[in-house]
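Asks: Here the protein sequences come in this chain order: A and B.
First residue of the first sequence? That's 1 in this note's numbering, and the numbers climb one at a time after it.
First residue of the second sequence? That's 1001 in this note's numbering, and the numbers climb one at a time after it.
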Amino acid sequence: MSWAHVGTVILAAFLASLVEFVEALTIVLAVGTTRGWRSALIGAGAGALFLTGLTLALGPTLQRIPLTVLQLTVGVLLLLFGMRWLRKAILRAGGVIGLHDEAAIYAKETEALVRDGGGTPPLLARLDRVALATSFKAVTLEGLEVIFIVIAAGAGGLLAPAAVGAALAGSLVILAGLALRRPLARVPENTLKFSVGVLLSAFGVFWVGEGLRYPWPGEDLALLGLIGGFTLIALLAVAAVRRSTSDPLIVQLGRHP
Amino acid sequence: MSAAATALRELWGLFVEDASLTLGILGCLLIAAFAFPVLRLRDAWRGPVLFGLLAIVLWENVRRGATATRSPRPSQAPHSEPKGGH
Chain A
1 MSWAHVGTVI LAAFLASLVE FVEALTIVLA VGTTRGWRSA LIGAGAGALF LTGLTLALGP
61 TLQRIPLTVL QLTVGVLLLL FGMRWLRKAI LRAGGVIGLH DEAAIYAKET EALVRDGGGT
121 PPLLARLDRV ALATSFKAVT LEGLEVIFIV IAAGAGGLLA PAAVGAALAG SLVILAGLAL
181 RRPLARVPEN TLKFSVGVLL SAFGVFWVGE GLRYPWPGED LALLGLIGGF TLIALLAVAA
241 VRRSTSDPLI VQLGRHP
Chain B
1001 MSAAATALRE LWGLFVEDAS LTLGILGCLL IAAFAFPVLR LRDAWRGPVL FGLLAIVLWE
1061 NVRRGATATR SPRPSQAPHS EPKGGH
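Printed below as a string of structure tokens:
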């Protein structure tokens, strides 16, 4: 197992988890500011607890699955997950579909929560079922994706580095959220999703190959070649999409209009 | 019950958004698993050929997605983010 492989696993888990944590934070912040922090944090904490229980329950089962079966299964799921992200990031970068806007999502979520009977001064609010359910759901759904990413990226016996990457991303987002108390709208989300789509797709092909017992040229280093290959194809696709559209939106990777 | 259905729907949505992309990927994987051995493709070429097939599927899907979205009404505003989309 080379350092290039370990480093790529950490990076993939970090970047992919960063995106998921930012999305969960946006919802929890919207709940906290409109319906009260107590309910928002209890809901988020319950979500985190549920995910911990799920991981502890399923973790030992994963270890009993033969490695090649695990690699093949995870590879297929990673390809479906990663190429879906990559396709969407390409279409966004090409100006075909709108960017994912955390500030807009925050505003929309806040408005919906207020409409549902919010407006109680946040610090005085009692336990609120809507707030609990909303933040629980946000943390659980985004957290499930993080767990999948960690398992998938670390499928070749590298669960610990993948978990470290995800934990770093989680800590970073929580600290930024505590400091700013507003959505992390400046995170270049499409660039992150583009990079993550490339990394997960490359891991997907690599694991499928390993699961089918194909000998990769260069062994683990083939992963870097796959990352380069997907990056090239994706950048060419962005350029082609921009050229083909009659009124392209001026959207660049990492730059919101 | 509805919570479980929602959870399953969200889980499904993690992997499947565009049916043609999903079918294209699965088609490539079936070719890799069953056709490569029959075609007696050299072992060292199998991984790179699988990558090539997937790259073609991605390219074609993006091209078609861009055409389908923009061609009918080119002056239309960009599509909004589907709920829970990534």
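We put the beta carbon where it would ideally sit given N, CA and C, even for glycine.
Nothing here was measured: the structure is a model prediction, and the numbers come from that model.
1. Note down the Cα distance separating Val-130(A) from Gly-36(A), rounded to an integer number of angstroms.
2. Just to confirm before moving on: does the CB-CB distance between Val-74(A) and Ile-10(A) stay below 8 Å?
3. Starting from Ile-1025(B), find everything on chain A with Cβ-Cβ shorter than 7 Å and list it in chain order.
4. Check Ile-10(A) in the structure and name its three-state DSSP category.
5. Buried or exposed: Lys-108(A), going by 16 or more other Cβ atoms within 10 Å of its Cβ?
6. Applying a beta-carbon distance threshold of less than 7 Å, which residues of chain A neighbour Phe-1034(B)?
7. Anyone know if the C-beta pair for Gly-211(A) and Leu-72(A) falls short of 8 Å?
8. Give a yes or no on whether 8 Å exceeds the smallest Cβ distance from Ala-1044(B) to chain A.
9. Tell me whether Ile-149(A) sits in a helix, a strand or coil according to DSSP, three-state version.
10. What are the boundary residues of the alpha helix (DSSP H) that includes Phe-81(A)?
11. Entirely within the stretch 184-214 of chain A and at least 4 residues each: give me those alpha helix (DSSP H) ranges in chain order.
12. Across the stretch 198-218 of chain A and the stretch 56-73 of chain A, are there enough close Cβ pairs to call them in contact, namely three or more that are closer than 8 Å?
13. Which word fits Glu-142(A), buried or exposed, when buried means at least 16 other C-beta atoms lie within 10 angstroms of its C-beta?
14. Find the residues of chain A that neighbour Ala-1055(B), judging by a C-beta separation of less than 8 Å, and give them in chain order.
15. Quick one: what's got a C-beta closer than 6 Å to Glu-23(A)'s C-beta in the same chain, skipping five residues either side?
16. Nearest to Ala-13(A) by CA position, among Gly-45(A), Val-28(A), Leu-91(A), Ile-149(A), is which residue?
17. Give me the residue from Val-241(A), Phe-230(A), Arg-243(A) with the minimum Cα distance to Ala-1055(B).
18. State the Cα-Cα distance for the pair Leu-91(A) and Gly-165(A), rounded to the nearest angstrom.
19. Who are the Cβ neighbours of Phe-50(A) in its own chain at under 7 Å, not counting the five residues just before and after it?
20. Should Leu-113(A) and Thr-134(A) be called a contact, given that it needs their Cβ atoms to be closer than 8 Å?
21. Is there contact here, the stretch 190-205 of chain A with the stretch 79-89 of chain A, by at least three beta-carbon pairs under 8 Å?
22. Are the Cβ atoms of Val-96(A) and Thr-245(A) separated by less than 8 Å?
23. Would you list, in chain order, the members of the stretch 147-173 of chain A that have their beta-carbon closer than 8 Å to a beta-carbon of chain B?
Replies: So, from the listed chains and residues:
1. Within the first sequence, the letter at position 130 stands for residue 130(A). Within the first sequence, the letter at position 36 stands for residue 36(A). Distance between the alpha carbons of Val-130(A) and Gly-36(A) is about 11 Å.
2. On the first sequence, residue 74(A) is found 74 positions in, with the first residue counted as 1. On the first sequence, residue 10(A) is found 10 positions in, with the first residue counted as 1. Cβ distance not < 8 Å, so Val-74(A) and Ile-10(A) don't count as in contact.
3. Stepping through the second sequence from its first residue, residue 1025(B) is reached at position 25. Residues of chain A passing the Cβ test: Leu-79, Leu-80, Met-83.
4. As a position in the first sequence, residue 10(A) is number 10, starting the count at 1. Reduced to three states, the DSSP call for Ile-10(A) is helix.
5. For this step, residue 108(A) is matched to residue 108 along the first sequence. It is exposed - the Cβ of Lys-108(A) has fewer than 16 other Cβ atoms within 10 Å.
6. To locate residue 1034(B), count along the second sequence from 1; it is residue 34. Per Cβ cutoff of 7 Å: no residues; Phe-1034(B) is ~10 Å from chain A at best.
7. In the first sequence, the residue the question calls residue 211(A) occupies position 211. In the first sequence, the residue the question calls residue 72(A) occupies position 72. Yes, they are a contact pair.
8. Here residue 1044(B) refers to the residue found at position 44 of the second sequence. Yes, Ala-1044(B) lies at the interface with chain A (some Cβ there is under 8 Å from its Cβ).
9. To locate residue 149(A), count along the first sequence from 1; it is residue 149. Residue state, collapsed to three classes: helix.
10. Position 81 of the first sequence, counted from the start, is the residue given in the question as residue 81(A). 67-93 is the extent of the alpha helix (DSSP H) around Phe-81(A).
11. 189-211
12. yes
13. On the first sequence, position 142 is the one that residue 142(A) refers to. That one is buried.
14. One-based indexing of the second sequence puts residue 1055(B) at position 55. Under the 8 Å cutoff, chain A gives Gly-229, Phe-230, Ile-233.
15. Counting from one through the first sequence, the residue named residue 23(A) turns up at place 23. If we look at Glu-23(A) and ignore the five residues flanking it on each side, its Cβ neighbours are Glu-142.
16. If you number the first sequence from 1, residue 13(A) lands on position 13. Of Gly-45(A), Val-28(A), Leu-91(A), Ile-149(A), the residue nearest in Cα terms is Ile-149(A).
17. Within the second sequence, numbered from 1, the residue matching residue 1055(B) stands at position 55. Cα-wise, what sits closest to Ala-1055(B) is Phe-230(A).
18. Against the first sequence, residue 91(A) aligns to sequence position 91. Against the first sequence, residue 165(A) aligns to sequence position 165. Each residue's Cα considered, the two are about 27 Å apart.
19. Taking the first sequence and counting its residues from 1, the one referred to as residue 50(A) is at position 50. Once the five neighbours on either side are set aside, the close Cβ partners of Phe-50(A) are Thr-140.
20. Sequence index remark: in the first sequence, residue 113(A) carries index 113 (1-based). Sequence index remark: in the first sequence, residue 134(A) carries index 134 (1-based). The answer is yes: Cβ separation under 8 Å.
21. yes
22. Taking the first residue of the first sequence as position 1, residue 96(A) is located at position 96. Taking the first residue of the first sequence as position 1, residue 245(A) is located at position 245. Contact: yes.
23. Phe-148
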